[in-house]
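**Q**
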Amino acid sequence: MKALFIGGIKSGKSKNAEDFTIKHANKKPYYLATTEFIDDEIAKKIELHKLQREDNFITIEEALNLSEKIKECNEIVLVECLSMWINNMLYHEKSHEEIFYEIDKILSLENSIVFVLNDVGSGIIPENKLAREFIDLSGIIAQKIASKCDEVYHTIAGISTKIK
Amino acid sequence: MKALFIGGIKSGKSKNAEDFTIKHANKKPYYLATTEFIDDEIAKKIELHKLQREDNFITIEEALNLSEKIKECNEIVLVECLSMWINNMLYHEKSHEEIFYEIDKILSLENSIVFVLNDVGSGIIPENKLAREFIDLSGIIAQKIASKCDEVYHTIAGISTKIK
Amino acid sequence: MKALFIGGIKSGKSKNAEDFTIKHANKKPYYLATTEFIDDEIAKKIELHKLQREDNFITIEEALNLSEKIKECNEIVLVECLSMWINNMLYHEKSHEEIFYEIDKILSLENSIVFVLNDVGSGIIPENKLAREFIDLSGIIAQKIASKCDEVYHTIAGISTKIK
Numbered sequence: 001m002k003a004l005f006i007g008g009i010k011s012g013k014s015k016n017a018e019d020f021t022i023k024h025a026n027k028k029p030y031y032l033a034t035t036e037f038i039d040d041e042i043a044k045k046i047e048l049h050k051l052q053r054e055d056n057f058i059t060i061e062e063a064l065n066l067s068e069k070i071k072e073c074n075e076i077v078l079v080e081c082l083s084m085w086i087n088n089m090l091y092h093e094k095s096h097e098e099i100f101y102e103i104d105k106i107l108s109l110e111n112s113i114v115f116v117l118n119d120v121g122s123g124i125i126p127e128n129k130l131a132r133e134f135i136d137l138s139g140i141i142a143q144k145i146a147s148k149c150d151e152v153y154h155t156i157a158g159i160s161t162k163i164k
Numbered sequence: 165m166k167a168l169f170i171g172g173i174k175s176g177k178s179k180n181a182e183d184f185t186i187k188h189a190n191k192k193p194y195y196l197a198t199t200e201f202i203d204d205e206i207a208k209k210i211e212l213h214k215l216q217r218e219d220n221f222i223t224i225e226e227a228l229n230l231s232e233k234i235k236e237c238n239e240i241v242l243v244e245c246l247s248m249w250i251n252n253m254l255y256h257e258k259s260h261e262e263i264f265y266e267i268d269k270i271l272s273l274e275n276s277i278v279f280v281l282n283d284v285g286s287g288i289i290p291e292n293k294l295a296r297e298f299i300d301l302s303g304i305i306a307q308k309i310a311s312k313c314d315e316v317y318h319t320i321a322g323i324s325t326k327i328k
Numbered sequence: 329m330k331a332l333f334i335g336g337i338k339s340g341k342s343k344n345a346e347d348f349t350i351k352h353a354n355k356k357p358y359y360l361a362t363t364e365f366i367d368d369e370i371a372k373k374i375e376l377h378k379l380q381r382e383d384n385f386i387t388i389e390e391a392l393n394l395s396e397k398i399k400e401c402n403e404i405v406l407v408e409c410l411s412m413w414i415n416n417m418l419y420h421e422k423s424h425e426e427i428f429y430e431i432d433k434i435l436s437l438e439n440s441i442v443f444v445l446n447d448v449g450s451g452i453i454p455e456n457k458l459a460r461e462f463i464d465l466s467g468i469i470a471q472k473i474a475s476k477c478d479e480v481y482h483t484i485a486g487i488s489t490k491i492k
């Protein structure tokens, strides 16, 4: 079983994806944190997320090679979040091909996976070229993942609507 | 009865929220205008909104203490719009706690209220720290309100889809 | 029959609009390309789009006078995309009135038309005045078109959800 939760910033997608993951787990599920770069602002968000998770998850961390890490898990894995992972891959100068290859590897795994992804494409097209590159990558990855997922949810105002 | 209309800029959410409010009123409903700061661009929009409203509403104005104003109303109130109110509160250096406290006060009222809020979180994360703060606040408030509303509508291209 | 596909950047709206158009055509449908200004980045996108289309469409090109071009077609026309057309009209210093007039002309045609439009209004309000003007125009046009369409689809992560 694979599912995608997509939504804007502070839409509530993470909380709903966590609830969904817990509901679909038989024993304690995995929380795969992809965060690599931490400034004060992000550190605060992580702390808040940890509090919200309480002890419902086994937290594991990986910034780049997600498929290797997921393969080792014997219960459903929540990937939080793919947007940060795309960031990490670009920072480490991975090519789009390498990024798509890793996505395909993840999607070919037998594991149950819940993906969380920011919807970043519904504002004005930014002048910044890197921002446009990120939006394009993010959109293509969203399409790739959604096409392989059993369920896809769009979240706004804390409400996740099933769109697939 | 409480309802939320959320949607992007010029999505048609205001018009649909007005129609919804009128439909749910027994006598003339209230229009709570939250606009405080007026430049030419905003003045034009207000004028246009007033024309669209015609004389279907009793217009009242309040930039900050919405709960006090709403409490005095004896018919359904359309709050237009919460995004402007968040702006006002930040401009007057209210803390996030004060903002959330006021939101909780509004939500605890017995009044029937229709909220209008901009969806601002589905673009690229902005570099501007204040813009990020606004997006986060706006998203948290959207979640708080939606969780207490009987009905929530997402508007795009003038079409309001019920998501709760 | 008229239909609108609206969605963010790289949401998959174009691909789904193409499939929809082909499905609703009896013989080879028209692809009305509105692109006028071409830099390397756009040229690449056009090339990719052409590959995706294969030879399923008769491609015609027009940057400004869409209604004239559409009127000549005797099969369903896919307009790809209206956002680029709005850009062209603004670049050629057409007034909002002229833009709305052309939209009304298009909508009054008997032809079957599938419109593709970027959702650009769900991010933070940009400081750039031209960007705000574009968002407002785009939103009003989305509403105008959606109100006359038989079917409207919102696309995210490659999934087009029927909202009308």
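Protein chains in written order, with our numbering: chain A, 1 to 164; chain B, 165 to 328; chain C, 329 to 492. Every residue gets a Cβ at the ideal spot worked out from N, C-alpha and C, and that includes glycine. Since the structure is predicted, the reported quantities are computational estimates derived from the model, not experimental observations.
Which residues in the same chain as A/Ile70 place their Cβ atom closer than 7 Å to its Cβ, once the five residues preceding and following it in sequence are excluded?
**A** Mapped onto the first sequence, residue 70 of chain A falls at position 70. The answer, listed in chain order, is Leu32, Val77, Ile106, Leu109, Asn111, Ile113.
**Q** Would DSSP call A/Leu90 helix, strand or coil?
**A** Sequence index remark: in the first sequence, residue 90 of chain A carries index 90 (1-based). Helix.
**Q** Output needed for C/Asp432: all residues of its chain with C-beta closer than 8 Å, excluding positions within five of it in sequence on either side, in chain order.
**A** Here residue 432 of chain C refers to the residue found at position 104 of the third sequence. Lys472.
**Q** Buried or exposed for A/His154, please, with buried defined as at least 16 other CB atoms from any protein chain shown within 10 angstroms of its CB.
**A** Position 154 of the first sequence, counting from 1, holds the residue named residue 154 of chain A. With 16 or more other Cβ atoms within 10 Å, it is buried.
**Q** Please confirm whether B/Lys214 has its beta-carbon closer than 8 Å to some beta-carbon of chain C.
**A** Indexing the second sequence from 1 puts residue 214 of chain B at position 50. So no, B/Lys214 is outside the interface.
**Q** Around the C-beta of B/Lys166, are 16 or more other C-beta atoms found within 10 angstroms, so that it is buried, or is it exposed?
**A** Working through the second sequence from its first residue, we reach residue 166 of chain B at position 2. B/Lys166 comes out buried.
**Q** Under DSSP, the alpha helix (DSSP H) around B/Ser178 begins and ends at which residues?
**A** To locate residue 178 of chain B, count along the second sequence from 1; it is residue 14. Start and end: 177 to 187.
**Q** Which of the residues in the region 15 to 34 of chain A, read from start to end, lie with their CB under 7 Å from any CB of chain B?
**A** Here the close residues number zero.
**Q** Does A/Ser160 get closer than 8 Å to chain C when you measure Cβ to Cβ?
**A** As a position in the first sequence, residue 160 of chain A is number 160, starting the count at 1. Not an interface residue.
**Q** Hey, how far is the Cα of C/Phe348 from the Cα of C/Ser475?
**A** Your numbering for residue 348 of chain C matches position 20 in the third sequence. Your numbering for residue 475 of chain C matches position 147 in the third sequence. Distance between the alpha carbons of C/Phe348 and C/Ser475: 19 Å.
**Q** Counting C-beta neighbours from all protein chains within 10 Å, is the total for B/Glu257 16 or more, i.e. buried, or is it exposed?
**A** Counting from one through the second sequence, the residue named residue 257 of chain B turns up at place 93. B/Glu257 is exposed by the Cβ-count criterion.
**Q** Within the same chain, show all residues whose beta-carbon is closer than 8 Å to that of A/Phe134, passing over the 5 residues directly before and after it, in chain order.
**A** The residue given as residue 134 of chain A occupies position 134 in the first sequence. Once the five neighbours on either side are set aside, the close Cβ partners of A/Phe134 are Ile86, Asn87, Leu90, Val120.
**Q** C/Glu461 by DSSP, collapsed to three states: which one?
**A** In the third sequence, residue 461 of chain C corresponds to position 133, counting from 1. Three-state result, C/Glu461: helix.
**Q** Counting only beta-carbon separations shorter than 8 Å, does C/Ile468 have a partner in chain B?
**A** Walking along the third sequence from the start, residue 468 of chain C turns up at place 140. So, interface residue.
**Q** Looking only at DSSP bridge pairs, what is A/Asn118 linked to?
**A** Here residue 118 of chain A is taken as the residue at index 118 of the first sequence, counted from 1. Note: A/Asn118 sits in a beta bridge opposite A/Gly7.
**Q** Step through the CB atoms of chain B and report whether any lies within less than 8 Å of the CB of A/Ala131.
**A** Position 131 of the first sequence, counting from 1, holds the residue named residue 131 of chain A. It does; some Cβ of chain B falls within 8 Å.
**Q** Could you check if B/Ala207 is buried or exposed, using at least 16 other CB atoms within 10 Å of its CB as the buried criterion?
**A** If you number the second sequence from 1, residue 207 of chain B lands on position 43. When all chains shown are included, B/Ala207 counts as exposed.
**Q** Could you tell me whether any non-hydrogen atom of the ligand ADP is closer than 7 Å to the CB of C/Ser475?
**A** The ligand ADP is absent from the structure shown, which contains no ligand whatsoever.
**Q** Sort out for me which residues DSSP pairs C/Leu360 with in a bridge.
**A** Here residue 360 of chain C refers to the residue found at position 32 when the third sequence is read from its first residue. DSSP lists C/Ile388, C/Val407 as partners of C/Leu360.
**Q** Which value, in whole angstroms, describes the spacing of the CA atoms of A/Ala25 and A/Phe57?
**A** The count along the first sequence starts at 1 and reaches residue 25 of chain A at position 25. The count along the first sequence starts at 1 and reaches residue 57 of chain A at position 57. In a straight line, the C-alpha of A/Ala25 is about 10 Å away from that of A/Phe57.
**Q** So what does DSSP say about B/Ser302, is it helix, strand or coil?
**A** Residue numbering aside, residue 302 of chain B sits at position 138 when the second sequence is read from its first letter. The answer is helix: DSSP assigns B/Ser302 an H, G or I state.
**Q** Compare the C-beta of C/Val448 against all C-beta atoms of chain A and say whether one is closer than 8 Å.
**A** In the third sequence, counting from the first residue as 1, residue 448 of chain C sits at position 120. Taking Cβ atoms only, chain A reaches closer than 8 Å to C/Val448, which makes this a yes.
**Q** When we look at the beta-carbon of B/Asn238 and count the other beta-carbons within 10 Å, is it buried (16 or more) or exposed?
**A** Within the second sequence, the letter at position 74 stands for residue 238 of chain B. It counts as exposed.
**Q** Is C/Glu346 buried or exposed, if buried means 16 or more other CB atoms sit within 10 Å of its CB?
**A** Locating residue 346 of chain C in the third sequence gives position 18, where the first residue counts as 1. Classification of C/Glu346: buried, given that the 10 Å Cβ count is 16 or more.
**Q** Exposed or buried, what is A/Ile46 when buried is set at 16 or more other beta-carbons lying within 10 Å of its beta-carbon?
**A** Translated into the one-based positions of the first sequence, residue 46 of chain A becomes position 46. Label assigned to A/Ile46: exposed.
**Q** For C/Ile414 and chain B, any beta-carbon pair shorter than 8 Å?
**A** Here residue 414 of chain C corresponds to residue number 86 of the third sequence, with the count starting at 1. Not one chain B Cβ lies under 8 Å of C/Ile414.
**Q** For A/Glu151, which of helix, strand or coil comes out of DSSP?
**A** What you label residue 151 of chain A is simply residue 151 of the first sequence in a count that begins at 1. Strand at A/Glu151.
**Q** Can you find a C-beta in chain C that's less than 8 Å from the C-beta of B/Phe169?
**A** Locating residue 169 of chain B in the second sequence gives position 5, counting from the first residue. No, B/Phe169 lies away from the interface with chain C (no Cβ there is under 8 Å from its Cβ).
**Q** Looking at the structure shown, is A/Ile124 part of a helix, part of a strand, or coil, going by DSSP?
**A** Residue 124 of chain A sits at position 124 when you count from the first residue of the first sequence. Coil at A/Ile124, not helix or strand.
**Q** Select from B/Glu261, B/Ser286, B/Val243, B/His260 the residue whose C-alpha is nearest the C-alpha of C/Ile484.
**A** Numbered from its first residue, the third sequence carries residue 484 of chain C at position 156. C/Ile484 has its Cα closest to that of B/Ser286, out of B/Glu261, B/Ser286, B/Val243, B/His260.
**Q** Using 8 Å as the limit for Cβ to Cβ distance, is C/Ser436 near chain A?
**A** If you number the third sequence from 1, residue 436 of chain C lands on position 108. Output row for C/Ser436: interface = no.
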